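Novice:
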Amino acid sequence: MNFFSRILSVSNYFPYVRDFAIRTWNVAIRHRMMALLAVAAVLTGGYYGYRAIFNSGESVRYVIAAAEKGTLIVSISGSGQVSATQQVDVKAKVSSDVIYVNVKAGQYVAAGTLLVQLYARDAQKAVRDAETNLETAQLNYDQITGSVAGIRGDKEKDSESLAKAYDDGFNAVSNTFADLPNIMTGLNTVLINHDFDQSQWNLDYYADAIRLYDENISVVRDETYAKYKAAREAYDKNMIDYKTVSRFSSVAEIEVLINQTYETSRLVSEAVKSASNFVQIYKDKMTEANRQPKALADTHLSNLNGYISKANSSIQSLYSAKNSILSGKESLISVEFDVRSAKIQLDKAKDSLLDAQEKLAEYYVRAPFGGVVAKMNVKVGDSSASTVATMITKQQIAEISLNEIDVAKVKTGQKVTLTFDAVSDLTITGQVAEVDAVGAVSQGVVTYIVKIAFDTQDDRIKPGMSVSAAIITEAKSNVLLVPNSAVKSQGGTSYVEIVDGDDKGLALAANVSGTILNNSPRRQQIEIGTASDEFTEILSGLNEGDVIVTRTIQSTATQTTQTQQNSSIRIPGLPGGGGGSGGGFRGGGGTPR
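With UniProt numbering, the residue at position 506 of the sequence shown is 506, and numbering never jumps.
1) By DSSP, does V251 sit in helix, in strand, or in coil?
2) Can you give the Cα-Cα distance for D236 and V220, rounded to whole angstroms?
3) Considering only the alpha carbon of each residue, which of D458, R211 and V482 lies closest to L539?
4) So, is T493 buried or exposed, given that buried needs 16 or more other C-beta atoms within 10 angstroms?
5) Output the distance between the C-alpha atoms of T287 and D168, rounded to the nearest integer angstrom.
6) Buried or exposed: which applies to T536, given that a residue is buried once 16 or more other Cβ atoms fall within 10 Å of its Cβ?
7) If we ignore side chains and look at the alpha-carbon of each, how far apart do E497 and S477 end up?
8) Going by DSSP, what residue range makes up the alpha helix (DSSP H) through Y119?
9) Quick one: residues in its chain with C-beta nearer than 7 Å to the C-beta of D197, no 5 flanking neighbours on either side, listed in chain order?
10) If we require 3 or more residues per run, which beta strand (DSSP E) segments fall completely within the UniProt domain "YknX-like beta-barrel" (399-471)?
11) Is G371 near the ligand HEM, judged by its Cβ being under 7 Å from some heavy atom?
12) Who does R221 pair with in a DSSP beta bridge?
13) Leaving out the 5 sequence neighbours to the left and right, which residues in its chain are closer than 7 Å to A149 when beta-carbon positions are compared?
14) Give, in chain order, every unbroken run of the beta strand (DSSP E) that is at least 3 residues long and sits entirely within the region 477-538.
15) Distance, Cα to Cα, D122 vs Y364?
16) When the Cα of I400 is compared with those of A367, L353 and M465, which residue comes out closest?
17) How close, in whole Å, do the beta carbons of V416 and I461 come, if the pair is a contact with beta carbons under 8 Å?
18) Have a look at K283, S95, A66 and D546 and flag the residue whose alpha-carbon is nearest the alpha-carbon of Y213.
19) Thinking C-beta only, is V388 closer than 8 Å to V373?
20) Taking the alpha carbon of Y242 as the point to measure from, which residue in S174, S250 and A531 has its own alpha carbon closest?
21) Pop quiz: S218 and A209 are said to be a contact at Cβ under 8 Å. What is the actual Cβ separation, rounded to whole angstroms?
22) Out of T456, Q124, Y225 and I325, point me to the one whose CA is closest to I192's CA.
23) At what residues does the beta strand (DSSP E) containing D89 begin and finish?
24) Applying the 10 Å Cβ sphere with the 16-neighbour rule, what's the burial state of T563?
25) Thinking C-beta only, is V432 closer than 8 Å to V450?
26) Can the beta-carbon of R472 be found less than 8 Å from the beta-carbon of S75?
27) For I151, collect the residues of the same chain with a Cβ closer than 7 Å to its Cβ; drop the 5 residues on either side in sequence, then sort them by chain order.
28) Residues in its own chain within less than 7 Å of Y310 by CB, not counting five upstream and five downstream?
29) When the Cα of Q81 is compared with those of R291, A398, Q457 and R211, which residue comes out closest?
30) Short check: CB of I308 to CB of S269, under 8 Å?
31) Cβ of K322 within 8 Å of Cβ of N238?
32) What does a CB cutoff of less than 8 Å around S485 pick up in its chain, not counting 5 residues either side in sequence?
33) Could you compute how far the alpha carbon of M547 sits from the alpha carbon of D351?
34) For T561, which residues of its own chain have a beta-carbon under 8 Å away from its beta-carbon, when the five flanking residues on both sides are left out?
35) In terms of residues, what are the limits of the beta strand (DSSP E) holding Y100?
36) Decide if the region 103-112 is in contact with the region 521-535; the criterion is three or more beta carbon pairs, one per stretch, under 8 Å apart.
This is how it looks when you write it as structure tokens:
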């Protein structure tokens, strides 16, 4: 009976279960044990259903990856057929006059053989200028980094200056703590001792003595005590920290201690100054009232003035140390900026020279592959605007079509990877042999034919076979890469989400289906470079090994599966579900027979 009552209490969350239980109870009177078992089975299922619903909850899981250095390969994909002909027109990439012809029709040439040379005065000058700029950039970089013999780098000097500033700062802290204990003890003696009356502090004695002559003395007294209390609390904490930091601690710890001691010295100086003013008010008011001040007040004032001098000296030395560190940091940052700027200029100069050399190479038209020169179409003095030569090769040729956006990135000589639908296990390499100068227009769409010469021959490849090509347009080695899915953008800036602290190891250890992090990922702005279909180059903002989020998974944890298994209990003689017959009562909670 207790079990049944408990089930009924749970079923209050499910009215249809409650009604069903009541009707079933009536059946139990007639069917006794069988009906009671039925009630237990059905309502137990409802109970677990209740638990499944109320125990469900959402969780966020993160799939992560590490920023790693590698080779980024950017390619353009296209499709076409294996050509039935092996004839290729060789065209110049630039327009200029022919000044030298190196081969004749019918001559066999190897891949890379010079066919014709074009007039290239401007291109040659561009190379010379780029070489001069590179030399200038290299000298500037060498001077800044101190790699030129006999030159000591500014960065090293600034690093030494900054190290000395930290050392001087720690000395200033040590000198300050040589005086602070005496100052705080003296301040305590002046204000908190019982020199005049054993029942009250000196502070209260001074205030009570002139209360009739100065109605604001209580306010001054409270301000003096408040400043003393603030100085005491700062001093006590500062002393503890001072004892834990040494000259060999990290520069960050030393800098924090210097700043902390500077603020403590200011509070102590204010407290001493306030106490001195307070005692001076006592003396002045007693004199105005023709009363004799206590002689000890003069001693207090003399001591306090000495404390003020020492506190101000500490403040000055600590302030100088703070400024020296700040100046040293700024100088070091400035030098680092200069080094980085010089490195950027050097890299730009190298790239400019490489571009100029590649442009100059275009004035030397070479055979894209080995074969026979079927026809020379130009002679000395002709313009290179048309086809330079026609070549026949033993290599197989594939022709693919590209749109006007992709074809602009394709150049002869670029490497290609080829796959074939008819020979699924075959992958071969090749290179671009010819790019159409004029595209074909069909229904408003412009396409260009690109011919690709195979590096290897395979008897399984037949003319007319479908071919898929991936033309490598750019390859960068040793660059920092992250998956494309990790890069997000907002407001024109790119960023990633970084996993910090202990979560890094946790995430890397459980990254198959994502992991739940203890802390939310941190947004980090980045500068991106080239991107492929899978990876993006990171120029700045990330370091190798940084752990980043590539995907966020919103999941709902329920016990639905387990609940269904537990609730599908069958009892002999009862139907296994809502409908059907053959048991003690009809399905769907019907009335008893």
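For each residue, glycine too, the CB sits at the ideal point set by N, CA and C.
These figures come from a predicted structure and were not determined experimentally.
Specialist: From the atom records:
1) The residue given as residue 251 occupies position 251 in the sequence shown. Note: V251 maps to helix in three-state DSSP.
2) Locating residue 236 in the sequence shown gives position 236, counting from the first residue. Locating residue 220 in the sequence shown gives position 220, counting from the first residue. D236 and V220 have their C-alpha atoms roughly 24 Å apart.
3) Residue 539 sits at position 539 when you count from the first residue of the sequence shown. Ranking D458, R211 and V482 by Cα distance to L539 puts V482 first.
4) In the sequence shown, the residue the question calls residue 493 occupies position 493. Exposed is the call here.
5) Here residue 287 refers to the residue found at position 287 when the sequence shown is read from its first residue. Here residue 168 refers to the residue found at position 168 when the sequence shown is read from its first residue. Between the alpha carbons of T287 and D168 lies a gap of roughly 47 Å.
6) As a working mapping, residue 536 is identified with position 536 in the sequence shown. Per the 10 Å Cβ criterion, buried.
7) Position 497 of the sequence shown, counting from 1, holds the residue named residue 497. Position 477 of the sequence shown, counting from 1, holds the residue named residue 477. Rounded to the nearest whole angstrom, the C-alpha separation of E497 and S477 is 25 Å.
8) Residue numbering aside, residue 119 sits at position 119 when the sequence shown is read from its first letter. Per DSSP, Y119 belongs to no alpha helix (DSSP H) and is neither H nor E.
9) Position 197 of the sequence shown holds residue 197. Excluding five sequence positions before and after D197, the CB atoms of its chain that fall closer than 7 Å to its own CB belong to Y205, given in chain order.
10) Scanning the UniProt domain "YknX-like beta-barrel" (399-471) from its first residue to its last, the whole beta strand (DSSP E) runs of 3-plus residues come out as 415-420, 427-435, 440-442 and 445-454.
11) Within the structure as shown, the ligand HEM is missing, as the structure has no ligands at all.
12) In the sequence shown, residue 221 corresponds to position 221, counting from 1. Under the DSSP definition of a beta bridge, R221 lacks any partner.
13) The residue you call residue 149 lines up with position 149 of the sequence shown. Low local confidence applies: a pLDDT of 38 at A149 is under 50, so the model's placement there is unreliable, and no value is given.
14) You should have 488-490, 493-499 and 522-531.
15) Within the sequence shown, the letter at position 122 stands for residue 122. Within the sequence shown, the letter at position 364 stands for residue 364. Their backbone Cα atoms lie some 14 Å apart in a straight line.
16) Sequence index remark: in the sequence shown, residue 400 carries index 400 (1-based). Relative to the Cα of I400, the nearest Cα in the group A367, L353 and M465 belongs to M465.
17) Position 416 of the sequence shown, counted from the first residue, corresponds to residue 416. Position 461 of the sequence shown, counted from the first residue, corresponds to residue 461. Rounded to whole angstroms, the Cβ separation of V416 and I461 is 14 Å, and the two are not in contact under 8 Å.
18) As a working note, residue 213 is residue 213 in the sequence shown. Looking at the Cα atoms, K283 is the closest of the given residues.
19) Reading the sequence shown from its first residue, position 373 is the one you call residue 373. Reading the sequence shown from its first residue, position 388 is the one you call residue 388. No. Outside cutoff.
20) As a working mapping, residue 242 is identified with position 242 in the sequence shown. Taking the Cα of Y242 as reference, the smallest distance to any Cα among S174, S250 and A531 is reached at S174.
21) As a position in the sequence shown, residue 218 is number 218, starting the count at 1. As a position in the sequence shown, residue 209 is number 209, starting the count at 1. Contact check for S218 and A209: beta-carbon distance about 13 Å, past the 8 Å limit, so the pair fails to qualify.
22) Your numbering for residue 192 matches position 192 in the sequence shown. Of the listed residues, the one whose Cα sits closest to I192 is Y225.
23) The sequence position of residue 89 within the sequence shown is 89, counting from 1. Per DSSP, D89 belongs to the beta strand (DSSP E) from Q87 to K91.
24) As a first step, residue 563 is located in the sequence shown; it is residue number 563 there, counting from the start. Bear in mind that a pLDDT of 32 at T563, under 50, signals an unreliable position, so the number given afterwards is only what the model happens to contain. T563 comes out buried.
25) Counting from one through the sequence shown, the residue named residue 450 turns up at place 450. Counting from one through the sequence shown, the residue named residue 432 turns up at place 432. V450 places its beta carbon less than 8 Å from that of V432.
26) Residue mapping note: residue 472 aligns to position 472 of the sequence shown, counting from 1. Residue mapping note: residue 75 aligns to position 75 of the sequence shown, counting from 1. Before going further, note that residue 472 is Ile rather than Arg in the sequence given. Cβ distance < 8 Å, so I472 and S75 count as in contact.
27) Here residue 151 corresponds to residue number 151 of the sequence shown, with the count starting at 1. Unreliable positioning characterises I151 in this predicted model, as indicated by a pLDDT of 40, which lies under 50. The coordinate reading is nonetheless provided below. These residues qualify, in order along the chain: Q143.
28) For the purposes of this step, residue 310 is taken as residue 310 along the sequence shown, with counting starting at 1. Checking the sequence shown, residue 310 turns out to be Lys, not Tyr. Here K310 has D179 and I183 as same chain residues with Cβ atoms under 7 Å from its own Cβ, once five neighbours each way along the sequence are excluded.
29) Against the sequence shown, residue 81 aligns to sequence position 81. Selected option, being the one with the closest Cα: A398.
30) Against the sequence shown, residue 308 aligns to sequence position 308. Against the sequence shown, residue 269 aligns to sequence position 269. Annotated as proximal: I308 and S269, with beta-carbon spacing under 8 Å.
31) Here residue 322 is taken as the residue at index 322 of the sequence shown, counted from 1. Here residue 238 is taken as the residue at index 238 of the sequence shown, counted from 1. In this structure, the beta-carbon distance from K322 to N238 does not fall below 8 Å.
32) Along the sequence shown, read from residue 1 onward, the residue named residue 485 stands at position 485. Excluding five sequence positions before and after S485, the CB atoms of its chain that fall closer than 8 Å to its own CB belong to T550 and R551, given in chain order.
33) Here residue 547 corresponds to residue number 547 of the sequence shown, with the count starting at 1. Here residue 351 corresponds to residue number 351 of the sequence shown, with the count starting at 1. The sequence given here places Val at residue 547; Met does not occur at that position. Cα to Cα, V547 sits roughly 31 Å from D351.
34) To locate residue 561, count along the sequence shown from 1; it is residue 561. No answer about T561 holds up, because its pLDDT of 37 lies below 50 and its placement is not dependable.
35) Translated into positions along the sequence shown, residue 100 becomes position 100. Looking at the DSSP string, the run of the beta strand (DSSP E) that includes Y100 is V98 to V101.
36) Of all C-beta pairs linking the region 103-112 to the region 521-535, fewer than three are shorter than 8 Å, placing the two stretches out of contact.
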